[in-house]
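Working notes for the structure below.
There are 2 protein chains.
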Amino acid sequence: MEFKDLNPESLERAAGMLKAIAHPLRISIVGCLEDGTKRTVTEIHNQLGIEQSTASHHLGILKDRGVLGSKREGKNTCYFLKHENLKTILNCVSSCCQ
Amino acid sequence: MEFKDLNPESLERAAGMLKAIAHPLRISIVGCLEDGTKRTVTEIHNQLGIEQSTASHHLGILKDRGVLGSKREGKNTCYFLKHENLKTILNCVSSCCQ
DNA sequence: TAAAGATATATAAATATGTGGATATGTTGG
DNA sequence: CCAACATATCCACATATTTATATATCTTTA
Chain A
1 MEFKDLNPES LERAAGMLKA IAHPLRISIV GCLEDGTKRT VTEIHNQLGI
51 EQSTASHHLG ILKDRGVLGS KREGKNTCYF LKHENLKTIL NCVSSCCQ
Chain B
101 MEFKDLNPES LERAAGMLKA IAHPLRISIV GCLEDGTKRT VTEIHNQLGI
151 EQSTASHHLG ILKDRGVLGS KREGKNTCYF LKHENLKTIL NCVSSCCQ
């Protein structure tokens with residue numbers, strides 16, 4: 001897949017996905033969810049020390065842009081990485097921005 | 101390098117770098133600059149069909165966040181990818197967002 | 001040094017994003 | 001059905017982004 005050939009819509013989608021990840025809190029969220037881990041909104045909200053509504057909001061963005069998937073499990077909603085190789089992006093960017 | 105261990109400043113830097121790339125025009129710019137290519141502002145501005153000031157502005161963002169480097173060559177300023185492996189990010193995201 | 005080409009910056013208006021408090025919605029167990 | 005817990009949405013405010021026009025700065029050459 002040569003991204004050079006991306007049509008405008010795919011370009012928008014790719015940008016949207018990257019933009020979803022490109023936020024300190026959301027990078028941390030993706031970090032929490034590596035290796036197939038699943039986490040609830042409350043777990044994220046406690047682990048990162050942010051408001052519940054803020055956690056839900058950011059999780060929603062990541063889900064909306066296709067970065068995360070979610071699954072209801074009783075009272076909880078579990079979020080998980082939809083593409084395991086997205087961690088590649090984090091490793092790459094963290095190695096570049098030293 | 102485990103990005104999980106990123107301190108807040110590095111997290112900001114990583115997010116800033118990703119945010120810089122996470123824009124349709126800027127993805128296209130990075131695309132133009134793969135494989136060690138160098139391009140002037142005018143070339144980018146013509147190739148992408150955007151205003152000169154817009155091209156300069158986006159190139160400035162990419163340079164500021166460490167994605168691109170630049171070099172004066174006579175009247176022109178040439179921009180180039182600072183980390184060749186950044187194309188990995190584009191390939192990764194484009195493969196994920198199908 | 002003046003003119004012309006190339007790039008960068010200032011400005012302003014429209015739009016988008018981030019945040020948290022309050023509230024609504026969904027879910028389970030009694 | 002009701003109480004509680006969990007999550008999502010709404011609202012309002014602050015801040016950031018995007019874009020283009022106009023203008024300023026830089027660089028070469030005549």
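Sequences listed follow chains A and B, in order. Using my numbering, you'd call the opening residue of the first sequence number 1 and step up by one each time. Using my numbering, you'd call the opening residue of the second sequence number 101 and step up by one each time. Glycine residues also receive a C-beta, built at the ideal position from the N, C-alpha and C atoms.
Which listed residue (the options) has its alpha carbon closest to that of residue i
i	options	result
B:SER195	A:HIS57, A:VAL93 and A:THR88	A:THR88
A:LEU81	A:LEU68, A:CYS92, A:HIS58 and A:VAL93	A:LEU68
B:ALA122	A:THR37, A:ILE29 and A:SER10	A:SER10
B:GLY136	B:ASN176, B:SER170, B:GLY149 and B:GLY174	B:SER170
B:THR142	B:HIS183, B:LYS175 and B:ASN107	B:LYS175
A:LYS38	A:LEU90, A:TYR79 and A:HIS83	A:TYR79
B:HIS145	B:ASP164, B:LEU125, B:GLU173 and B:GLU134	B:LEU125
B:ARG172	B:PRO108, B:THR140 and B:LYS119	B:THR140
A:THR77	A:LYS19, A:HIS83 and A:LYS63	A:LYS63
A:HIS83	A:ASN7, A:PRO8 and A:GLU34	A:GLU34
Rounded distance between the beta-carbons of residue j and residue i, thought under 8 Å
i	j	result
B:CYS132	B:GLN147	6 Å
A:CYS92	B:ASN185	6 Å
A:ALA14	B:ILE127	6 Å
B:HIS157	B:ILE129	With 8 Å as the limit, B:HIS157 and B:ILE129 do not qualify as a contact, their Cβ atoms being about 11 Å apart.
A:MET17	A:GLY49	At roughly 26 Å, the Cβ-Cβ gap does not stay under 8 Å, so A:MET17 and A:GLY49 are not in contact.
Identity of the residues DSSP links to residue i by a beta bridge
i	result
B:ARG172	B:THR177
A:ARG39	A:TYR79
Limits of the unbroken alpha helix (DSSP H) element including residue i
i	result
A:GLY103	A question about residue 103 of chain A goes unanswered here, because the residues of chain A that appear run from 1 up to 98.
B:GLU184	It is not in any alpha helix (DSSP H) - B:GLU184 carries neither H nor E in the DSSP assignment.
A:LEU11	8 to 21
B:GLY166	Careful: B:GLY166 lies outside any alpha helix (DSSP H) and carries neither H nor E.
B:LEU125	124 to 132
Heavy atom of the ligand MN within 6 Å of residue i beta-carbon
i	result
B:LEU162	With respect to small molecules bound, the structure shown includes none, and the ligand MN cannot be examined in it.
Just by C-beta distance, which residues in the segment 78 to 91 of chain A are closer than 7 Å to chain B? Against chain B - using a Cβ distance shorter than 7 Å - the residues of the segment 78 to 91 of chain A are HIS83, ASN85, LEU86, THR88, ILE89, LEU90 and ASN91.
If the cut-off is 9 Å on Cβ atoms, which residues from the segment 49 to 77 of chain A count as contacting chain B, listed in chain order? Against chain B - using a Cβ distance shorter than 9 Å - the residues of the segment 49 to 77 of chain A are ARG65, GLY66 and VAL67.
Contact list for the segment 111 to 124 of chain B against chain A, Cβ threshold 7 Å: Hits within the stretch, in order: LEU111, GLU112, ARG113, ALA114, ALA115, MET117, LEU118, LYS119, ILE121, ALA122, HIS123 and PRO124.
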